[in-house]
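Worksheet: one structure, shown below.
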């Protein structure tokens, strides 16, 4: 079996110094210097040749595990606290607690006021969130490094002192918010309810994965505030948590702060691991559901093992061979031949269970019935046994896994998340090397063995999702009906009397002050010319041995004829297919064997080529870029398939209310005679009229060297990078001019335009007007500052009103967006159907009040602090750096334009900001669009006094 090794350059870049084992005396000395009650468990530094994340692991007397990782490349720090509790710790009939509690943790604690958590982090220039899955709940903040102590104050207060602040009113508001989240993310989304229906059939009655993480609505309704408090006491103790801090930290100071803020929080009840019995099925179960969709979907799932089981890695390889992209069996048999618009396979794993799943979206052009699709899938699975496993199958998955491991080290956030997850689920933060080793050890025989043990001839769950009224399309009649488990008597088991936190040695009511602001590290840039036509701008970043190269071609949707809208996107899709030399499958295989990606795409004003590669494989990757770019295949068979997939996708997207809102709002603002009023992906009518000859002609106009500019972030010095790009100097052609922009429509303020979406679980509201094009230091930038307190932050007026106060939505916002020619203002939210009229009224009330009175001095101070300090987070990853460089390149900005922005933020007066609100936020100038169930919302909208007009798309 071929083994892959790290070249010396990779080893040097990733490993740093060799691992150091502390001598016994040195270890004792280090322990003596630790705060009382803190134990050093282990330290890890990668040895030469290892891919890994250096860390120090400590444990407090109360059981809290602490991981510290130093990375001084950027002046930021990420704090992650992961509690080893997810929906798997809930009981039948008592579901949704873990996710509901995630929301409750942002509602203030004994020493942190309501809504202050978001305000403090945002004002510090940070980002924050929380997530819940079946197995864990985590909370995290990324902030400038001088704000670390403040984050520890916040996190410790909600760990130890949440319950005194948990009121019935807060509970009711967050229960409503969760219901809104479910409506937006599940009920109002195509295929949104498929997974919960599938899991009911897949797992035994009462299995922790048989209910959705967000919970069943009826379970949320029976939940009480006391239930939530009990859940917190049972699972949110420090002994069930891992605190991970990474970034620009001083280890000793950080550990002192951790001990100060967390050590007086008492242990919670003991937590024992859940059992992991393998899931089995007695027979193949067929279930089905109807949904507001266009493309029928079939998914087949086979029970396998659980995360980190010895068979997980070979099962992952099996899934990749079956359905992992253009080189897979399913792609060849279903997508390539046109039976499916998409098809694939995966092996998702959770702590207690994994499954091998296969799916396909039927192509109605070849028939919508799912029984023939199931037959093709089963034949493809059988074909695997005959085909077997090749050396290249093993090699490409292992190379991809290694590349993914390296790319994951590009951000502090990624490294902290990896350490936290590995510690939570295995007790060992250092799993990257172990994971690489177990995938490297997989043999052909291993893959064949797991295929026979878990897949061949085994029972499965088959779900069919069909359009409304499409019962005849299902793969087979339902033969399974889920049994509702008995509702548990109590919401929480194993709860013991909880000790109260000890009296702190300091006043927790006093929020820590921030340390001196760090010096921002804006990337040092270089400019060069690859040829007379192609300007390139870049920076060197040696954190990982990788190269990010992005080619921007002026044009995109703006260059194509309006009656051929979607041509730029379709041309880009064709460049992702065959070249004149090789098929798309052969090219995909070549990239997979390099761990690289090359993708062509198009947007409103540009076509884009994005290249991501390990630098050691950059030469071979650039050769593939050149082949695709300069020698496209443009084959009839590729074109017919790609065009048909595009048409079917457009019909599918029309079932999504959010897509309809985007399309409708663009049409309202920019009309049908301007490219901005038509989606860059085109419409059914425009795409249907595109021919292969159109694609070839557009390619000849768009993909010229004269239209191109390049941006790169690489670990190579400028000269070495330019040498590796020399093959692209064969690219020729002068620049094209954009056609004249189309006319704009008359505005219709004071009218509510309505797109009817029968049965929609929510209404999507969009309010706005045409506004300014982009600028970095002019009025567009200043409108961004002006809008921030209105709708630009979580604790903005609009979001606090509609989400936190009223419970109408999962989230509401407003923003100014600017392109190179035009821009617009939009305020938007998905809201409960029954409060559509009330939500629209609240939107207009907030805009009207802000227009009339502007922001307050406190809001101005908040905006200044948040935006200026947040710049520390802007340039961390190579892709973030590339985006920053592109702004400079595209708009010909000074390299230090951010210094001018800082000056504007600091000096702009509240009078200037409020004058901008007067100029751009006149409620009488706003256009309004609502997408929802007309039969339920029209009368309420009319009762507000608005004329309601149907808007056809």
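In the working numbering, the protein residues as written are 234 to 1186.
Glycine is no exception: its CB is placed at the ideal position from the N, C-alpha and C atoms.
Check	Outcome
Best match in 635, 432, 371, 586 for proximity to residue 468 [C-alpha to C-alpha]	371
Beta-ladder partner(s) of residue 787, from DSSP	839
Supposed contact pair residue 512 and residue 547 - C-beta distance, whole angstroms, cut 8 Å	Not quite, the Cβ-Cβ distance comes to about 18 Å (not below 8 Å), so this is no contact.
As assigned by DSSP and simplified to three states, the class of residue 302	strand
Burial state of residue 589 (16 or more Cβ within 10 Å)	buried
DSSP bridge partner residues for residue 845 (one or two, in chain order)	781, 830
Residue burial classification, residue 739 (beta-carbon count within 10 angstroms, cutoff 16)	exposed
6 Å Cβ shell around residue 1143 - same chain, five flanking residues per side excluded	1093
Cut-off 8 Å between Cβ atoms - residues of its own chain near residue 875, not counting five sequence neighbours on either side	803, 806, 807, 810
Range of the contiguous alpha helix (DSSP H) that encloses residue 923	Where residue 923 is concerned, there is no enclosing alpha helix (DSSP H), given that its DSSP letter is neither H nor E.
Which residues DSSP lists as bridging residue 796, in chain order	The partner list for residue 796 (beta bridge, DSSP) is empty, contrary to what the question assumes.
Contact under 8 Å by Cβ, residue 391 with residue 317	no
Cβ shell of residue 291 (< 7 Å), same chain only, five flanking positions each side left out	271, 272, 273, 274, 299, 488
Where the alpha helix (DSSP H) through residue 1090 begins and ends	1090–1103
Given 8 Å, three or more beta-carbon pairs between the segment 842–852 and the segment 646–660	no
Residue 950 in three-state terms, based on DSSP	coil
Own chain, CB closer than 7 Å to residue 1156, minus 5 neighbours either side, in chain order	1077, 1080, 1081, 1084
Run of the beta strand (DSSP E) containing residue 277, from where it starts to where it stops	271–277
Cβ pair count under 8 Å reaching 3, the segment 744–755 against the segment 556–567	no
Runs of alpha helix (DSSP H) wholly within the segment 527–600 (minimum 4 residues, chain order)	545–556
Residue 622 vs residue 680 beta-carbon contact at 8 Å	yes
Local conformation of residue 759 per DSSP, three classes	strand
Beta-carbon proximity check, residue 965 vs residue 938, cutoff 8 Å	yes
Straight-line gap, residue 492 to residue 393 (C-alpha atoms, nearest Å)	13 Å
Simplified DSSP state of residue 289, which is helix, strand or coil	strand
Classification of residue 1015 by the beta-carbon crowding that lies within 10 angstroms, buried from 16 upward	buried
Residue nearest to residue 1181 in terms of C-alpha spacing, selected from 1070, 945, 334	1070
For residue 1180, the three-state DSSP class (helix, strand or coil)	strand
Span of the beta strand (DSSP E) around residue 882	Note, residue 882: premise wrong, no beta strand (DSSP E); alpha helix (DSSP H) at 869–886.
Cβ-based neighbour list, residue 1187, same chain, cut-off 7 Å, excluding 5 preceding and 5 following	This structure cannot speak to residue 1187, because the chain is shown only from 234 to 1186.
Opposing strand residues paired with residue 375 [DSSP bridges]	311, 360
Integer-rounded CB distance, given that residue 997 should sit under 8 Å from residue 1063	5 Å
Start-end ranges of the beta strand (DSSP E) lying completely within the segment 437–512, minimum 3 residues	474–480
Residue 247 burial status per 10 Å Cβ neighbour count (16 or more: buried)	Bear in mind that the predicted position of residue 247 carries a pLDDT of just 33, short of 50, making it unreliable; the figure below should be weighed with that in mind. With 16 or more Cβ atoms within 10 Å of its Cβ, residue 247 is classed as buried.
Nearest-angstrom Cα separation, counted from residue 772 out to residue 666	30 Å
6 Å CB neighbourhood of residue 630 in its chain, flanking five on each side removed	550, 553
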